[in-house]
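Residue numbers (my numbering): 223 to 939.
We put the CB at the ideal spot given by N, CA and C, even for glycine.
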């Protein structure tokens, strides 16, 4: 756990390092806290919002039509949220919408068969302890330098699950929880689902049981949702992979399962788990467009939600439909090859499990110090792609992979991978890479947890196949340094950071296009060429109507054999104002609001240049503020390394600049879409009628342009 904390801190240092560009300071709605964090389907609950630039927020935007909200009259920052009875159990994005646009999301949990109970203060000691019933969810708030106590009754032999949900619902609380009876400590927990505690126990007697909850550092004002239930509760399922187009049988493991469940041989914290078999099929469009579909945001993992999802194609399965369990959906990897199950014993290199390529194998580190060995032979020499999916399927381990040849020589080892770019943290501890293998040779593959842990939670999926170049595209809004939404000012521009994870050696052009743009909002096909990062720019007409709603981005590439690849561009959002962490969203939302103070435009939409040369581009500035003549500086915006320009500025009443763009020798011919970033001090006040308008830094990208790098002209040709 200390190692996980160190990794999180190290990631935070990387993610919060100052960027070359400064943050824009025009108002943008920021959503910091929602309380309570959830409710039961078929009920109405009052919620409070906390954030910045929220004084004109007039509605809440949910990513499911069954959740609606109305402002509560005469109670600022309070809304009445109604959850329809048919809203599926899961977590949903809720955002604030107002004069200053759309906010970043926060998570709101919907449950079935769990009654909502508000925390009743004071409840800091046994004299003021709060009594609750089983199958309740307490909407609580941590006390500064204090603790919360709850009391419930249970009968001997009754199995109870106590789940303190904070981190998995976007709360910064690092909760600690204990359970006691008659002054005797029965159990304690800290990090189980990510940093959230969890206790599973069987009542040793009829009696009254006490739950104590507090933040690890005793910070106050942090929300949590405490579930106390004897309803079905799934731990995980096996196997964790499914071939596309197939229906397969899975085994769910957990507690309090309905009729038909059987005892299993697995235990957790000395508690036996039940098992129940069920069948599942994958939705049909996931593999063809590289999608991932979820009911619950995958925030209970040992890795950040962005890393858990950005390089995964798959879906969540609900093992017990209709049983209304408290914690249900489980991630399944979707693959194009048949799924093989690990077969023990395979603990020794001399006793490996033989595999035939291509292979997708669902395995598990069954016990502490378990080592899983596999043997493979290839029919042709060349590169082969290896992947271990563990953190991405909430497998809890930190796996590594070693390949040894038939002479006992270590060929290579694979370990962590993934991009960290600003607030987008896609780095995880799953091994991935390409390894050269020779034909007519036998190779041994070792998969093991770095810390030699094992048990029912330590699952993984191993895939080995010939390379099939592919990519995972994602976007995250550019608001920096904190959370925000993709807000477009009329007559202005906004950009999204694009992050590309190339897979199996893909290095071609990727073209991103937008669908469903509202009236008056525009984009151009944006080309990212053999790069892990780019920008996607939207701009609005001066008279664009006010708008709040989703748009859809698709990415297209091509393999060397000419096959076209179409991939859904996944949307992510910053959700934490402290360390800039992010998570996946079901929708990419855009808002169009008030007028931008200036715009940067090109005299042309594209240009041509040869490697080793430069091209002059004409940039135009349109000022909308009367009598405003402050400098507007211009710099490169996330240029690929083989393009460069010197930062410059518009001065006084200057409206045109010549921008010399240099292309380095060796730049690969092809198309590249680029944008510049303008920054200026602009008079601004939220009250448009106010006489005092202090200078405010406003950063806006230029409209994009595409440069075509041509083959260099050879002498004598």
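Would you mind giving the Cβ-Cβ distance between residue 706 and residue 326, rounded to the nearest angstrom? I have them listed as a contact below 8 Å.
Along the chain shown, read from residue 1 onward, the residue named residue 706 stands at position 484. Along the chain shown, read from residue 1 onward, the residue named residue 326 stands at position 104. Between residue 326 and residue 706 the Cβ distance is about 6 Å, and since that is below 8 Å, they are a contact.
In chain order, what residues of the same chain lie with their CB nearer than 6 Å to the CB of residue 752, ignoring the 5 residues before and after it?
Start at 1 with the first residue of the chain shown, and residue 752 comes out as number 530. Its chain contains 729 as the residues whose beta carbon lies nearer than 6 Å to that of residue 752, once the 5 sequence neighbours on both sides are disregarded; these appear in chain order.
Report all residues from its chain with a CB closer than 6 Å to the CB of residue 272; omit the five preceding and five following residues, and keep chain order.
The residue given as residue 272 occupies position 50 in the chain shown. Within the same chain, residue 272 has close Cβ partners 254, 255.
With a 10 Å radius around its C-beta and 16 neighbouring C-beta atoms as the bar for buried, classify residue 601 as buried or exposed.
On the chain shown, position 379 is the one that residue 601 refers to. Around the beta-carbon of residue 601, fewer than 16 other beta-carbon atoms lie within 10 Å, marking it exposed.
Between which residues of its own chain and residue 293 is the CB-CB distance below 7 Å, once the five residues before and five after are set aside?
In the chain shown, residue 293 corresponds to position 71, counting from 1. The answer, listed in chain order, is 280, 301.
Considering only the alpha carbon of each residue, which of 858, 431, 771 lies closest to residue 756?
The residue you call residue 756 lines up with position 534 of the chain shown. In terms of Cα proximity to residue 756, the closest of 858, 431, 771 is 858.
Expected contact under 8 Å - CB spacing of residue 365 and residue 808 to nearest Å
Within the chain shown, the letter at position 143 stands for residue 365. Within the chain shown, the letter at position 586 stands for residue 808. That belief does not hold up - the Cβ atoms of residue 365 and residue 808 are roughly 34 Å apart, past 8 Å.
Going by DSSP in three states, residue 389 sits in which element: helix, strand or coil?
The residue you call residue 389 lines up with position 167 of the chain shown. In this structure, residue 389 counts as helix in the three-state DSSP scheme.
Comparing C-alpha positions only, which one of 307, 884, 334, 457 sits nearest to residue 829?
Taking the first residue of the chain shown as 1, we reach residue 829 at position 607. Comparing Cα-Cα distances from residue 829 to each of 307, 884, 334, 457, the minimum goes to 884.
Check whether the segment 381-395 touches the segment 439-447, taking contact to mean three or more Cβ pairs, one atom from each stretch, closer than 8 Å.
Counting Cβ pairs under 8 Å, three or more are found: they touch.
For residue 912, the three-state DSSP class (helix, strand or coil):
In the chain shown, the residue the question calls residue 912 occupies position 690. Coil at residue 912, not helix or strand.
Within the chosen definition, does the segment 904-921 reach the segment 831-840 through at least 3 CB pairs nearer than 8 Å?
Counting Cβ pairs under 8 Å, fewer than three are found: no touch.
Can you tell which of 574, 514, 529 has its C-alpha closest to the C-alpha of residue 539?
For the purposes of this step, residue 539 is taken as the residue at position 317 of the chain shown. The option with the nearest alpha carbon to residue 539 is 514.
From 478, 432, 441, 308, pick the residue whose C-alpha is nearest to that of residue 451; which is it?
Position 229 of the chain shown, counting from 1, holds the residue named residue 451. Comparing Cα-Cα distances from residue 451 to each of 478, 432, 441, 308, the minimum goes to 478.
The segment 513-528 / the segment 298-316 touching (three or more Cβ pairs under 8 Å):
The segment 298-316 and the segment 513-528 touch, with three or more beta-carbon pairs separated by less than 8 Å.
Exposed unless 16 or more other CB atoms sit within 10 angstroms - verdict on residue 779:
For the purposes of this step, residue 779 is identified with residue 557 of the chain shown, where counting begins at 1. That one is buried.
Reduced DSSP secondary structure (H/G/I, E/B, other) of residue 615:
Your numbering for residue 615 matches position 393 in the chain shown. Residue 615 falls in the helix class under three-state DSSP.
For residue 920, does the count of other Cβ atoms within 10 angstroms reach 16, so buried, or fall short, so exposed?
What you label residue 920 is simply residue 698 of the chain shown in a count that begins at 1. Counting of Cβ neighbours within 10 angstroms places residue 920 among the buried residues, the total reaching 16 or more.
Answer with buried or exposed for residue 246, where buried requires no fewer than 16 other C-beta atoms within 10 angstroms of its C-beta.
Sequence index remark: in the chain shown, residue 246 carries index 24 (1-based). Here residue 246 scores only 49 on pLDDT, less than 50, and its place in the model should not be relied on; the value that follows carries that caveat. By the 10 Å Cβ count, residue 246 comes out buried.
Cα-Cα separation between residue 485 and residue 497, rounded to whole angstroms
Against the chain shown, residue 485 aligns to sequence position 263. Against the chain shown, residue 497 aligns to sequence position 275. One alpha carbon belongs to residue 485, the other to residue 497, and they sit about 6 Å apart.
Have a look at residue 644 and residue 416 and give me their C-alpha separation to the nearest angstrom.
The residue labelled residue 644 in the question sits at position 422 within the chain shown. The residue labelled residue 416 in the question sits at position 194 within the chain shown. Their Cα atoms are separated by approximately 22 Å.
Is it buried or exposed, residue 499, if we count other Cβ atoms within 10 angstroms and call 16 or more buried?
Here residue 499 refers to the residue found at position 277 of the chain shown. Burial call: exposed.
For residue 767, I'd like the list of residues in its chain whose CB is within less than 8 Å of its CB, leaving aside the five on either flank, ordered along the chain.
As a first step, residue 767 must be located in the chain shown, where it is residue number 545. For residue 767, where only same-chain residues beyond five positions count, the Cβ hits under 8 Å are 740, 741, 742, 814.
For residue 435, which option in 378, 453, 410 has the closest C-alpha, if you only look at C-alpha atoms?
If you number the chain shown from 1, residue 435 lands on position 213. Considering only 378, 453, 410, the residue with the shortest C-alpha distance to residue 435 is 410.
Are three or more beta carbon pairs between the segment 782-798 and the segment 890-909 nearer than 8 Å?
Segments in contact, no.
I'd like to know whether the C-beta atoms of residue 651 and residue 609 end up nearer to each other than 7 Å.
Position 429 of the chain shown, counting from 1, holds the residue named residue 651. Position 387 of the chain shown, counting from 1, holds the residue named residue 609. No, Cβ-Cβ distance for residue 651 and residue 609 is not below 7 Å.
Can you tell which of 687, 322, 290 has the C-alpha that lies nearest to the C-alpha of residue 816?
Position 594 of the chain shown, counting from 1, holds the residue named residue 816. Residue 816 has its Cα closest to that of 322, out of 687, 322, 290.
Between the CA atoms of residue 845 and residue 420 - distance to the nearest angstrom
In the chain shown, counting from the first residue as 1, residue 420 sits at position 198. In the chain shown, counting from the first residue as 1, residue 845 sits at position 623. The alpha-carbon of residue 420 is positioned some 57 Å away from that of residue 845.
What does a CB cutoff of less than 8 Å around residue 949 pick up in its chain, not counting 5 residues either side in sequence?
It is not possible to answer for residue 949, since the shown part of the chain is limited to 223 through 939.
Between the Cα of residue 524 and the Cα atoms of 616, 593, 579, which residue gives the shortest distance?
Here residue 524 corresponds to residue number 302 of the chain shown, with the count starting at 1. Nearest option by C-alpha distance: 616.
What number of angstroms, rounded off, separates the C-alpha of residue 567 from the C-alpha of residue 291?
The count along the chain shown starts at 1 and reaches residue 567 at position 345. The count along the chain shown starts at 1 and reaches residue 291 at position 69. For residue 567 and residue 291, the distance between alpha carbons rounds to 56 Å.
Quick one: is residue 454 buried, meaning 16 or more other Cβ sit within 10 Å of its Cβ, or exposed?
Working through the chain shown from its first residue, we reach residue 454 at position 232. It counts as buried.
State buried or exposed for residue 940, treating a residue as buried only when at least 16 other CB atoms are found within 10 Å of its CB.
The displayed coordinates of the chain run from 223 to 939. Any statement about residue 940 would go beyond what the structure contains.
Using C-beta distances below 8 Å, list every residue in its chain close to residue 337, excluding the 5 sequence neighbours before and after it, in chain order.
Sequence index remark: in the chain shown, residue 337 carries index 115 (1-based). Same-chain partners within the cutoff: 262, 355, 357, 358, 359.
Contact between the segment 665-677 and the segment 621-633 (3+ Cβ pairs under 8 Å)
Yes, the segment 665-677 is in contact with the segment 621-633.
Proximity winner among 512, 842, 345, 864, relative to residue 900 (alpha-carbon distances):
Mapped onto the chain shown, residue 900 falls at position 678. Selected option, being the one with the closest Cα: 842.
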